[in-house]
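Q:
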Amino acid sequence: MAATPEDLFVPASGTAPPALAELRFGALGVGQLKPLSADPALLFAEIEARVQAAAQLLEFAPVVLDLSALQPLPAAPAVRALLDAVHAAGLRPVGLASADEATAALARELDLPLFAKFRAQREVAAAIVVAAQSAVEPAREPVPTEVAARAPGQHHAEPVRSGQRLYARGTDLTVAAMVGHGAEVIADGSIHLYGVLRGRALAGARGDASARIYCQNFQAELIAIAGQYRVFEEPAADLHGHAVQAWLEGDKLMVAALH
Amino acid sequence: MAEIIVVTSGKGGVGKTTTSASVAVGLARRGKRVVVIDFDVGLRNLDLIMGCERRVVYDFVNVIQGECTLKQALIKDKRLDNLFVLAASQTRDKDALTKEGVEGVLNGLKEMDFEYIVCDSPAGIEKGAFLAMYFADRAVVVVNPEVSSVRDSDRILGLLASKTRHAETGERVVAQHLLLTRYNPERVVRGDMMSIADVQEILGLDVLGVVPESDTVLAGSNAGTPVILDPASQAGQAYDDAVARLLGESVPMRFTDALKKGFLTRLFGG
Chain A
63 MAATPEDLFV PASGTAPPAL AELRFGALGV GQLKPLSADP ALLFAEIEAR VQAAAQLLEF
123 APVVLDLSAL QPLPAAPAVR ALLDAVHAAG LRPVGLASAD EATAALAREL DLPLFAKFRA
183 QREVAAAIVV AAQSAVEPAR EPVPTEVAAR APGQHHAEPV RSGQRLYARG TDLTVAAMVG
243 HGAEVIADGS IHLYGVLRGR ALAGARGDAS ARIYCQNFQA ELIAIAGQYR VFEEPAADLH
303 GHAVQAWLEG DKLMVAALH
Chain B
213 MAEIIVVTSG KGGVGKTTTS ASVAVGLARR GKRVVVIDFD VGLRNLDLIM GCERRVVYDF
273 VNVIQGECTL KQALIKDKRL DNLFVLAASQ TRDKDALTKE GVEGVLNGLK EMDFEYIVCD
333 SPAGIEKGAF LAMYFADRAV VVVNPEVSSV RDSDRILGLL ASKTRHAETG ERVVAQHLLL
393 TRYNPERVVR GDMMSIADVQ EILGLDVLGV VPESDTVLAG SNAGTPVILD PASQAGQAYD
453 DAVARLLGES VPMRFTDALK KGFLTRLFGG
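Heads up: the protein sequence lines correspond to chains A and B, in order.
Sequential numbering from 63 applies to the first sequence in the working numbering.
Sequential numbering from 213 applies to the second sequence in the working numbering.
1. In or out: A/Q94 buried (at least 16 other Cβ within 10 Å) or exposed?
2. Give a single yes or no on whether B/R267 has its beta carbon closer than 7 Å to a heavy atom of the ligand FAD.
3. Considering only residues of the same chain and omitting the five flanking positions on each side of B/G224, which have a CB-CB separation below 6 Å?
4. So, using beta-carbon positions, are B/V352 and B/L391 closer together than 8 Å?
5. To the nearest whole angstrom, what separates the beta carbons of A/R86 and A/F122, a pair I think is in contact under 8 Å?
6. Using the Cβ count rule (16 or more neighbours within 10 Å means buried), how would you classify B/G421?
7. Select from the segment 344 to 372 of chain B all residues with a C-beta closer than 7 Å to any C-beta belonging to chain A, and list them in chain order.
8. Considering B/M345, what are the terminal residues of the beta strand (DSSP E) in which it resides?
9. Could you compute how far the alpha carbon of A/I248 sits from the alpha carbon of A/A265?
10. Got a sec, what are the start and stop residues for the alpha helix (DSSP H) B/M262 sits in?
11. Looking at the C-beta of A/E220, does it have a partner C-beta in chain B at a distance below 8 Å?
12. In terms of residues, what are the limits of the alpha helix (DSSP H) holding A/D270?
13. Given that B/G224 touches chain A, what residues does it touch there, using C-beta distances under 9 Å?
14. So, is the C-beta of A/G225 closer than 8 Å to a C-beta in chain B?
15. Are the beta-carbon atoms of B/A301 and B/V273 separated by less than 8 Å?
16. Can you tell me whether B/T468 is helix, strand or coil according to DSSP?
17. Per DSSP, A/P155 is paired with what?
18. Could one say the Cβ of B/G416 lies closer than 8 Å to chain A's Cβ atoms, at least one of them?
19. For A/M316, go through chain B and note every residue whose CB falls closer than 9 Å to its CB, in chain order.
20. Measure from the alpha carbon of A/L169 to the alpha carbon of each residue in A/P139, A/T236, A/I285, then state which is nearest.
21. Mind listing the chain B neighbours of A/G244? Cutoff is C-beta to C-beta under 8 Å, in chain order.
22. Less than 8 Å separating the beta-carbons of A/L320 and A/A288?
23. Starting from the C-beta of B/A454, find all residues in its chain whose C-beta is less than 7 Å away, skip the five residues before and the five after it, and write them out in chain order.
24. Distance check for B/V354 and B/D366, CA to CA, integer angstroms please.
25. Taking the continuous beta strand (DSSP E) assigned at A/V293, which residues delimit it?
26. Between the segment 288 to 302 of chain B and the segment 372 to 380 of chain B, can you find at least three pairs of beta-carbon atoms closer than 8 Å?
27. What residues match up with B/T220 in a beta bridge as DSSP calls it?
28. Tell me which residues share the same chain as A/A143 and place their Cβ nearer than 7 Å to its Cβ, disregarding the 5 neighbours each side in the sequence.
29. Taking CB distances under 8 Å as the criterion, tell me whether B/D325 reaches chain E.
30. Which residues bound the alpha helix (DSSP H) around A/P102?
31. When you compare the CB positions of A/V141 and A/L105, do they come within less than 8 Å of one another, or not?
32. Of all the alpha helix (DSSP H) runs that stay within the bounds of the segment 417 to 442 of chain B, which reach a length of 4 or more residues?
33. Return the Cβ separation of A/H254 and A/Y276 in integer angstroms, given the expectation that the two are a contact with Cβ distance under 8 Å.
34. I need the straight-line Cα distance from B/E461 to A/E108, nearest angstrom please.
Quick look at the structure:
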């Protein structure tokens, strides 16, 4: 049990035929989607099922398309069809992962940004990757101002019961009710709980080590910040039932009563 | 307009069918037109508790599959003529139930001017339990004073808040009632059973009623007489109180005794 972003992805249920695409999330919260089939209809069905299975996590999630598994590389109209399928299935394709010159050319043709950070897995010669990186650099520079915009926190007023999972993507989470045994509250930012916490709370789910957990009445099974977790097998005498906050000091997860 | 009440719990063996039978009888005794449906396809029990097992000709699945009319499948109670039972099929499995089929039967019952439709849910959270709760207006969640039952009830309460028709359309919420059964005040005092307060605190809900553990429940089940019909039984009286509260009456709690120290308090030193 760790709070790495990969763990948050819930695969499509059932014993369906082998997956037609791979989907993983990195530290930025932008997904990398690697289609293993060039058929838009198949891709749509696959992704739609996954989005349905975890709508809270995946709906409208930004993804970068990694075409490295498709041989030969599809032409621009075929890639456009794939992008439309991904969009229709509920994800939001924002660009292509760069692997080689051909993908870079494709990106230019489709007028799509190229993401060098999301290196496609079949990396060719290092020289080409470097070239691709330098090609995007000018475009990346003016962006940062927008990142500073503050995402509104997510608020929840109903009890979070056993088996339920609440996820605040890219922001803080406030719950003004109890979190039951076996329930999970997860946020990319901090978590604020004004009811009893008996289940699990995972803050900084995408690696934000400055995230904190505040809780009015602490009886948790497990808490985690940026993947550092602590299990409370026995009720902690000095914390149980008290108002508590948790934060990271380096790699160490600190938990202390609030006075 | 009929109100659909699901009796559910998640965990098995906590008293769902006993509760369904007694709630249905209690409502009918107060003059309401009531039908109680067994959703436990393949493990038919409600007919035994209601004492009509030898009169089951057609069942719920027969109606869904169009093999008989709803009227043919309804079994009239021998004691109360405004109470009917729709039995489950013993020879099919839960896949015989479909959302459309269940909705069709419920709509048919509404057209027959029933005031209350009580749905006896199977244990678990699979198809049968899902369909039993899906169309509900209210839920009676049966819970025993022990940790696994309380946790399963918590799960069910979460599903009621998200996986029902009312939750999906967002028109209204399914009213949730907690019914604590097999309660033994002496064992609570000894500290080996959870108290009413413990259960209410963990689930964040007040109880609709508390039914004491009683031999009369088993005796009634075996005789095909719902325990609510036994005037000497404390469990029967507690069920009658719960039905009164379900109808909005204010009735004080009985048979619960004053409690000194609960299970959690003992465990964690409160």
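From the three backbone atoms N, C-alpha and C, an ideal C-beta is built for every residue, glycine too.
A: According to the structure shown:
1. For this step, residue 94 of chain A is matched to residue 32 along the first sequence. Classification for A/Q94: buried.
2. This structure simply doesn't include the ligand FAD, nor any ligand for that matter.
3. Counting from one through the second sequence, the residue named residue 224 of chain B turns up at place 12. Closer than 6 Å at the Cβ level, and outside the excluded window around B/G224, lie A335.
4. The residue given as residue 352 of chain B occupies position 140 in the second sequence. The residue given as residue 391 of chain B occupies position 179 in the second sequence. Contact flag set, yes.
5. Residue 86 of chain A sits at position 24 when you count from the first residue of the first sequence. Residue 122 of chain A sits at position 60 when you count from the first residue of the first sequence. No, A/R86 and A/F122 are not in contact; Cβ-Cβ is about 17 Å, not under 8 Å.
6. As a position in the second sequence, residue 421 of chain B is number 209, starting the count at 1. Buried: at least 16 other Cβ atoms inside 10 Å.
7. R363, D366, R367, L369, G370
8. To locate residue 345 of chain B, count along the second sequence from 1; it is residue 133. Looking at the DSSP string, B/M345 is not in any beta strand (DSSP E); the run it does join, the alpha helix (DSSP H), is 339 to 346.
9. Taking the first residue of the first sequence as 1, we reach residue 248 of chain A at position 186. Taking the first residue of the first sequence as 1, we reach residue 265 of chain A at position 203. Approximately 6 Å, taken between the alpha carbons.
10. Position 50 of the second sequence, counting from 1, holds the residue named residue 262 of chain B. 258 to 262 is the span of the alpha helix (DSSP H), which, as asked, contains B/M262.
11. One-based indexing of the first sequence puts residue 220 of chain A at position 158. Yes, because at least one Cβ of chain B sits closer than 8 Å to the Cβ of A/E220.
12. Here residue 270 of chain A is taken as the residue at index 208 of the first sequence, counted from 1. A/D270 -> no alpha helix (DSSP H), and no H or E assigned at all.
13. Within the second sequence, residue 224 of chain B is the residue found at index 12, counting from 1. Result: empty, since nearest Cβ-Cβ is about 17 Å, beyond 9 Å.
14. Counted from its first residue, the first sequence places residue 225 of chain A at position 163. So yes, A/G225 belongs to the interface.
15. As a first step, residue 301 of chain B is located in the second sequence; it is residue number 89 there, counting from the start. As a first step, residue 273 of chain B is located in the second sequence; it is residue number 61 there, counting from the start. Residue 301 of chain B is actually Ser in this sequence, not Ala. Taking 8 Å as the Cβ cut-off, B/S301 and B/V273 qualify as a contacting pair.
16. Numbered from its first residue, the second sequence carries residue 468 of chain B at position 256. Residue state, collapsed to three classes: coil.
17. Taking the first sequence and counting its residues from 1, the one referred to as residue 155 of chain A is at position 93. A/V125.
18. The residue you call residue 416 of chain B lines up with position 204 of the second sequence. Output row for B/G416: interface = yes.
19. Here residue 316 of chain A is taken as the residue at index 254 of the first sequence, counted from 1. Here the premise fails: no neighbours, minimum Cβ distance about 23 Å.
20. Here the question's residue 169 of chain A lines up with position 107 in the first sequence. The sequence shown places Ala at residue 169 of chain A, not Leu. Considering only alpha carbons, the answer is A/P139.
21. Reading the first sequence from its first residue, position 182 is the one you call residue 244 of chain A. Neighbours of A/G244 on chain B, chain order: R363, D366, R367.
22. Position 258 of the first sequence, counted from the start, is the residue given in the question as residue 320 of chain A. Position 226 of the first sequence, counted from the start, is the residue given in the question as residue 288 of chain A. Not in contact: A/L320 and A/A288 (Cβ atoms no closer than 8 Å).
23. Within the second sequence, the letter at position 242 stands for residue 454 of chain B. These residues qualify, in order along the chain: L391, L420, G421.
24. Your numbering for residue 366 of chain B matches position 154 in the second sequence. Your numbering for residue 354 of chain B matches position 142 in the second sequence. Cα to Cα, B/D366 sits roughly 11 Å from B/V354.
25. The count along the first sequence starts at 1 and reaches residue 293 of chain A at position 231. Per DSSP, A/V293 belongs to the beta strand (DSSP E) from 290 to 293.
26. no
27. Sequence index remark: in the second sequence, residue 220 of chain B carries index 8 (1-based). The partner list for B/T220 (beta bridge, DSSP) reads B/V353.
28. Taking the first residue of the first sequence as position 1, residue 143 of chain A is located at position 81. Around A/A143: P102.
29. Going by chain labels, chain E is absent from the structure shown, which instead holds the protein chains A and B.
30. Within the first sequence, the letter at position 40 stands for residue 102 of chain A. Looking at the DSSP string, the run of the alpha helix (DSSP H) that includes A/P102 is 102 to 115.
31. The residue you call residue 141 of chain A lines up with position 79 of the first sequence. The residue you call residue 105 of chain A lines up with position 43 of the first sequence. No, these two residues do not count as a Cβ contact at 8 Å.
32. 427 to 435
33. Reading the first sequence from its first residue, position 192 is the one you call residue 254 of chain A. Reading the first sequence from its first residue, position 214 is the one you call residue 276 of chain A. Rounded, the Cβ-Cβ distance is 5 Å, consistent with contact.
34. Looking up residue 461 of chain B in the second sequence gives position 249. Looking up residue 108 of chain A in the first sequence gives position 46. Going by the C-alpha atoms only, they are around 53 Å apart.
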